[in-house]
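Here the structure is laid out as structure tokens; the discussion comes afterwards.
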Amino acid sequence: MSKRHHSILARIKNIFLLKSLLSKLMASFLLIIIILSSFYLITQRVFIKKMEQELVNGTNERFLNVANKFDLSLEQINKKNLLNIYIELSKKLDSNYLSAVDYLEIQKYLTNNRANSQHIHDFLIFKDTEDYIITTNGTYRKDRFFDYFFKSTQYNQQFWEEELEKNFTYKVYPTQQIITKNIDNSNQHKNLLPMVLKPKRKSKMIIIALVDIDSLTYSIEENFLENFAIFDDEENILYASTIEEIDISTRNTMMASPQRYGDRGYLFLKESSKNSLIYAQVLPNGYFKEALHAMNRTFQAILLISIVISGIISIVIVIQFNNPVKQLAEEIKKSNHNKGLDVEDNDLHFMYQNIFKIIKENSNYVKDIYEKESLLENFFYEAKIKNIYLQMNHVKNSFLDNSKYAMIYFKVHYKKTFYEYISEEESKGTFFLRHLIEVYIGDYFKDSYTFQIEDNQIISLVSVGNEIQSIFSQIQEIKDKLKLEEEHLFFTIAISNIYDEPTYLNEVYKKIFEVAKNRKAIAESQVLSEEVLNSALNMFYLPKQYQEELANSITSGQQEQCIRRIDNILEYNYKKEVNSFYLYLLCGEILSICSKALFEVYNEVPEEININNKYSQLKKCVTLEDYKKICTDFTIEFIEYVNLHIPKEDYIIDFVKGYIEDHYDTDIYLDLLSDKLNITGTYLSSYFKSKTGINFNDYLNDYRIKQAAEVLRDTSLKIKEVGEKVGIPNQNTFIRLFKKYKGETPSEYRKNII
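Here the sequence shown is numbered in my numbering, starting from -10 and rising by one per residue.
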């Protein structure tokens, strides 16, 4: 018996141990259900209160809409009907005597006016000077009309005669049930609202419009007009849809409409400035409570059903969750026993510790692999673009394999503020910009890859369709977003055409690199496409005369004049829309002219002037101001050097140049000068070329043409005479040499000067 008893206790213990997780899970679910239900009940109360307020606000909007419609209808009757009647009939109505024809015409006009007015029962014209009253149905003696055709306890003949004595121009009277005669002489009971126009305050004539208030109410919103009333500005009731009295005496103390109206419900008010009327409506509590109670019952039913369903789902989930979790815990225990790890009795705590370790290790592995794959992909595309041979032909899951693509090139141009306030390293700034551009590109293109290719260059490869124009507009939007960075930098953005073969990456890169060179020389971001290669102006303007004048300014040390010439030629090219690349070539040519000028003075470029450094600085220029600054700086450096250093004397060169200056108008040749110097002609030719950078004949002809240009400018000699004066007697030879060195014939040169 003791063994059996021990066995039963062991089985009970095992059952409780096995069900411990089940009990904890079930208790947790029930606690969550209770907490959520409590929050639900609190939320329900808040929601019901909010819904009550929404119902009141919605009802107020509906009331204001109804009041506005009433107000507009009454205003139209006043202006469109009463006022128009008086305007059209004023001559007749203001006269002291009305003929039979006048009565007929007035009646006819009133009849037509009523036919066009949906809610007007009748028009009456009541004149103190006349014994007759005019209506749409005819003209009647006043006493017979009010005794037989128009029966009212209040609005009788005496009432209107008394109203004529009062001082007003427009007035609305309380609604009253009035008995009128139909065409068949049968009585008709109508609730009519009299509206009266008195043309002048002391006028003895009034025009009355009898408004069918029931018809007007029905046309506006019949089902909403319970407990609705209209008052005049003295709080006299003019119309009430029910017999229950509405007190509006507290309207001046109300902070806002609607307000609680005692235990009856809510009071809604609107005052009209147009008609001097007050619209009021009381909606009882039952109107709101019925909707709120129905909503409350719905909420309670939903809560009860939710609790029952949640309980059932919790039981099912806990039962289905318990066994797999126990099995998973056992497997983790088995796998960890060999590693010497402690095993906790609490399965969930044990699983948390171990699964967290597994997930963390796996996350680190995934992160490491992702980073390496990203670096590998970056290296692969960079190698393909730069045409570097790799044994691998493609990267895994590359979108370029199965879709058309375009290459987008971003070149970053950093401003001074970037180096002053952010960083001295361009590559670091480009690194962060690459991530920003990657986000923007991802917003517009489903598949893309963005990477940094140089310290100031970023490439994006994007999967596209067939329309290059749509890509251009999308990149324009990205450029607009990047404007936020323009305080410190700006971009040159080049877009390639659409390609479908990844092997063309190197050629595509070369092409958009050329496209980027065609940017305008301004400090703002620009988007360029391959079309610019066909439309760009592939040249710059630098006339030979300008080159000579610049060289002379350098050698003569005229700093201000030289800087002004450089600024003028750069501005001229900029206005001609010469792009940044050709401005770079132009500045290179200017630098070359300055170097040659120095060589002409010193027979060499001085070591103190680093020409290579000047060209390196030019490569960094982007804007017109950049080019101006570089050109100005090296020009100042050149001229300051010229002004500070006396040129080296060279007897041979000085003799040759001096002889040419003194005898250029005579026959000069190389052997003549070599004989005078006691050297061979061959040596003199070689020596002169090595020291001046130009051969003897070119120097001689160039000097003669310069002198000829001055003669053409200052005299009216014939072309042949000018040639003879500078030592070139043959006219054809003179014209040919002049055009060679000046770019135009002597006649054209003289004409352009004039």
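By construction, the Cβ of each residue, glycine as well, lies at the ideal position given by its N, Cα and C atoms.
Determine the burial state of residue i: buried for a count of at least 16 other Cβ atoms within 10 Å of its Cβ, exposed for fewer.
{"i": "glutamine 147", "result": "exposed"}
{"i": "valine 401", "result": "buried"}
{"i": "serine 262", "result": "exposed"}
{"i": "glutamate 119", "result": "buried"}
{"i": "asparagine 3", "result": "Model confidence at asparagine 3 stands at a pLDDT of 49, short of 50, so the residue's coordinates are unreliable; what they give is reported in the following sentence. By the 10 Å Cβ count, asparagine 3 comes out exposed."}
{"i": "glutamine 270", "result": "buried"}
{"i": "asparagine 741", "result": "exposed"}
{"i": "lysine 603", "result": "buried"}
{"i": "proline 735", "result": "buried"}
{"i": "tyrosine 410", "result": "exposed"}
{"i": "methionine 528", "result": "exposed"}
{"i": "histidine 178", "result": "exposed"}
{"i": "histidine 634", "result": "exposed"}
{"i": "isoleucine 447", "result": "buried"}
{"i": "isoleucine 219", "result": "buried"}
{"i": "tyrosine 738", "result": "buried"}
{"i": "threonine 32", "result": "exposed"}
{"i": "leucine 20", "result": "exposed"}
{"i": "glutamine 441", "result": "buried"}
{"i": "threonine 763", "result": "Residue 763 is absent from the model: the chain starts at -10 and stops at 743."}
{"i": "threonine 124", "result": "buried"}
Taking DSSP as the reference, what is the three-state secondary structure of residue i?
{"i": "glutamine 166", "result": "strand"}
{"i": "isoleucine 628", "result": "helix"}
{"i": "proline 188", "result": "coil"}
{"i": "phenylalanine 257", "result": "strand"}
{"i": "isoleucine 742", "result": "helix"}
{"i": "isoleucine 237", "result": "coil"}
{"i": "glutamate 735", "result": "A quick correction: the sequence has proline, not glutamate, at residue 735. Here proline 735 sits in helix by DSSP."}
{"i": "isoleucine 746", "result": "The shown model of the chain, from -10 to 743, leaves out residue 746, and the question about it has no answer."}
{"i": "phenylalanine 723", "result": "helix"}
{"i": "tyrosine 730", "result": "helix"}
{"i": "leucine 214", "result": "coil"}
{"i": "phenylalanine 139", "result": "strand"}
{"i": "leucine 706", "result": "coil"}
{"i": "lysine 714", "result": "helix"}
{"i": "tyrosine 658", "result": "coil"}
{"i": "tyrosine 403", "result": "strand"}
{"i": "glutamate 614", "result": "helix"}
{"i": "serine 462", "result": "helix"}
{"i": "glutamate 593", "result": "coil"}
{"i": "phenylalanine 623", "result": "helix"}
{"i": "isoleucine 668", "result": "coil"}
{"i": "histidine 634", "result": "coil"}
{"i": "tyrosine 144", "result": "coil"}
{"i": "threonine 231", "result": "coil"}
Check the DSSP bridge columns for residue i and list the partner residues they point to.
{"i": "asparagine 176", "result": "Lys170"}
{"i": "isoleucine 448", "result": "Tyr398 and Phe440"}
{"i": "isoleucine 194", "result": "According to the sequence as given, residue 194 is methionine; it is not isoleucine. In the DSSP output, where bridge partners are listed per residue, methionine 194 has Lys116."}
{"i": "leucine 266", "result": "Asp221 and Ser261"}
{"i": "glutamine 248", "result": "Leu256"}
{"i": "arginine 130", "result": "Tyr121"}
{"i": "aspartate 201", "result": "Leu181"}
{"i": "valine 161", "result": "Met184"}
{"i": "leucine 272", "result": "Tyr255"}
Query raised in the report: Are the stretch 592 to 610 and the stretch 548 to 562 in contact at 8 angstroms, needing three or more beta carbon pairs?
Result: no
Report task. Write down every uninterrupted run of the alpha helix (DSSP H) in the stretch 465 to 548 whose length is 4 residues or greater and which is fully enclosed by it, in chain order. Result -> 494 to 505, 521 to 524 and 533 to 544
Requested in this report: Examine the Cβ distances between the stretch 690 to 700 and the stretch 650 to 668 and report whether three or more of them are shorter than 8 angstroms.
Outcome: yes
Query raised in the report: Are there three or more Cβ pairs, one per stretch, closer than 8 angstroms when the stretch 80 to 93 is compared with the stretch 48 to 58?
Result: no
Requested in this report: Counting only runs of 4+ residues fully inside the stretch 84 to 123, write out the alpha helix (DSSP H) ranges in chain order.
Outcome: 89 to 104
**Report entry** Stretch-stretch touch, CB-based, cutoff 8 angstroms, three pairs: the stretch 164 to 171 with the stretch 67 to 86
**Finding:** no
Query raised in the report: For the 8 angstroms Cβ check, are there 3 or more pairs between the stretch 114 to 132 and the stretch 179 to 196?
Result: yes
Query raised in the report: Three or more beta-carbon pairs under 8 angstroms between the stretch 536 to 545 and the stretch 466 to 484, yes or no?
Result: no
**Report entry** the stretch 453 to 467 touching the stretch 483 to 496, judged by at least three CB pairs closer than 8 angstroms
**Finding:** yes
Report task. Taking 8 angstroms as the threshold, find out whether the stretch 292 to 303 comes into contact with the stretch 17 to 30 through three or more Cβ pairs. Result -> yes
Query raised in the report: Below 8 angstroms, can you find three or more Cβ-Cβ pairs linking the stretch 666 to 681 to the stretch 715 to 729?
Result: Touching, no, given that fewer than three Cβ pairs across the two stretches are closer than 8 angstroms.
Query - Cβ contact check for the stretch 124 to 131 and the stretch 156 to 166: 3 or more pairs under 8 angstroms - result: no
Query raised in the report: How about the stretch 415 to 432 and the stretch 510 to 520: do they share at least three Cβ pairs that are nearer than 8 angstroms?
Result: Taking a cut-off of 8 angstroms for Cβ pairs, the stretch 415 to 432 and the stretch 510 to 520 do not touch, as fewer than three such pairs fall below it.
Query raised in the report: Would the stretch 602 to 620 and the stretch 557 to 575 be scored as touching if the rule is three or more Cβ pairs under 8 angstroms?
Result: yes
Report task. Check whether the stretch 184 to 194 touches the stretch 70 to 77, counting contact only when three or more Cβ pairs, one atom from each stretch, lie closer than 8 angstroms. Result -> Contact between the stretch 184 to 194 and the stretch 70 to 77 is present, because at least three Cβ pairs lie under 8 angstroms.
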